[in-house]
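A.B. asks: For the sequence shown, UniProt numbering begins at 1 and goes up steadily by one. Submitted below is the structure of interest, expressed as structure tokens.
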Amino acid sequence: MIPSAATSWKCKFILPDLGPIGATYLANPRDFVHPTACHDVLALQRRGVAGNYVPCKYNLDHFCTMNTVNYDHPDPSIYTVLTCQTDYQAAPSLTSSHFPAPMDGPRENFPSSLLPSQPHDRILSMIYGHYDAKTDDGFVPGKASYTAATRLEN
């Protein structure tokens with residue numbers, strides 16, 4: 001679902017600007033696994049991929065988040081694993097975020113948006129675990145929901 005959404009928005013996923021906490025938190029580039037080339041047959045028999053955009057996989061257990069320190073919750077964009085940039089730096093067209101299990105941040109307070117006060121589409125998907133905020137409708141692993149950018153978030 002996420003790759004097809006990225007294709008329809010004509011964007012490519014990249015690591016977000018990691019800022020001052022990126023040295024030890026968030027998604028570290030060294031944890032992304034991608035295929036490597038091997039030349040064991042004649043070069044004329046090979047077909048390759050042009051460009052430098054290759055498939056990769058990432059173990060979300062390696063994602064290191066920050067947590068609530070003194071009040072409220074930090075900027076929710078710190079949960080971004082990969083992002084698709086637009087011409088406007090503060091408004092990506094698509095982000096892939098990870099909210100790890102103990103997101104309890106001060107009790108019953110879930111961030112309403114990945115980028116507050118910005119109109120953006122949002123795809124929320126469950127890969128594994130459970131999501132406390134959507135227990136009524138059976139939001140289980142393998143399910144996803146889509147919210148269109150029809151209004152500004154508070």
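C-beta atoms are modelled at their ideal positions from N, C-alpha and C, and glycine is treated no differently.
Find out if the Cβ-Cβ distance for the pair S93, T80 is shorter than 8 Å.
C.D. replies: It is not a contact, given that the beta carbons lie outside the stated cut-off.
A.B. asks: Taking 6 Å as the limit between beta carbons, can you name the residues of its chain near H62, skipping five residues before and five after?
C.D. replies: D31
A.B. asks: Would you identify the three-state DSSP class for L18, choosing helix, strand or coil?
C.D. replies: coil
A.B. asks: Helix, strand or coil for K12? Go by DSSP, reduced to three states.
C.D. replies: K12: coil per DSSP, three-state reduction.
A.B. asks: Could you give the distance in angstroms between the alpha-carbon of Y128 and the alpha-carbon of D17?
C.D. replies: 26 Å
A.B. asks: Applying the 10 Å Cβ sphere with the 16-neighbour rule, what's the burial state of S112?
C.D. replies: Confidence is the limiting factor: at S112 the pLDDT is only 48, short of 50, which leaves the residue's position unreliable, though a coordinate-based value still follows. Per the 10 Å Cβ criterion, exposed.
A.B. asks: Can you list, in chain order, the residues of its chain whose CB lies under 8 Å from that of P35, leaving out five sequence neighbours each side?
C.D. replies: V54, P55
A.B. asks: In whole angstroms, what separates the C-alpha of residue 173 from that of T83?
C.D. replies: Past the boundaries of the shown model lies residue 173; the chain is included only from 1 to 154, so the question cannot be answered.
A.B. asks: CA-CA distance, Q85 and F139?
C.D. replies: If you take the alpha carbons of Q85 and F139, they lie about 28 Å apart.
A.B. asks: For Y79, name the three-state secondary structure that DSSP assigns.
C.D. replies: helix
A.B. asks: In chain order, what residues of the same chain lie with their CB nearer than 6 Å to the CB of K57, ignoring the 5 residues before and after it?
C.D. replies: V33
A.B. asks: Exposed or buried, A148, counting other C-beta atoms within 10 Å across all chains shown (16 or more means buried)?
C.D. replies: exposed
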